[in-house]
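Worksheet for the structure shown next.
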Amino acid sequence: VSVSSEGSDPVYDLFGVLVHQDFYASAHSGHYVAYVKLPDDTWVLCNDGRVSVSSEKEAMKQKAYILFYERVTPRDGPDVRP
C-alpha cells in the first residue's frame, strides 16, 4: 500500500500494522500483535513467539493501533530504495 498525493510529494509505503486485541473492552488489558511486510513483500503475523504467513488483505482488515510507513521517494527526488 503506497500513499501519495498529486505533484512531487513523497510516497510512503505501509510496512507494519500494530493491533491491540481488546478482550474485555478495556484499554487496560488485552494483547498486541503485529502484521509486518518483509522485504520480499510477504506479509507475516507476529504473535508472541510465533510468526506465521499472512496477507496484506488480512492486515488491512484490522483495527490498527499504530501504522508504520517508510518514505519511498523524497520530495522532487528519485526513488530512495536500493
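Count along the sequence shown from 1, then add 79; that gives the number in our numbering. Cβ atoms here follow ideal geometry from the backbone N, Cα and C, with glycine treated the same way.
Judging by CA-CA distance, which residue of the options is the nearest neighbour of residue i?
| i | options | result |
| --- | --- | --- |
| Y165 | D119, C125, E149 | Since the first residue of the chain shown is 80 and the last is 161, residue 165 is not available in this structure. |
| V115 | H107, P153, K142, L97 | L97 |
| K136 | G128, R129, V123 | V123 |
| D119 | S134, Q141, Q100 | S134 |
Under 8 Å by Cβ, that's how I've got residue i and residue j pegged, so tell me the actual separation to the nearest angstrom.
| i | j | result |
| --- | --- | --- |
| Y144 | F94 | Rounded, the Cβ-Cβ distance is 15 Å, inconsistent with contact. |
Return the first residue and the last residue of the alpha helix (DSSP H) that residue i is part of.
| i | result |
| --- | --- |
| K136 | 135-139 |
Roughly how many angstroms lie between the CA atoms of residue i and residue j, to the nearest whole one?
| i | j | result |
| --- | --- | --- |
| S131 | D88 | 35 Å |
| F102 | V90 | 36 Å |
| H99 | R129 | 16 Å |
Looking at the secondary structure, which residues open and close the beta strand (DSSP E) in which residue i lies?
| i | result |
| --- | --- |
| T152 | 143-152 |
| Y103 | Per DSSP, Y103 belongs to no beta strand (DSSP E) and is neither H nor E. |
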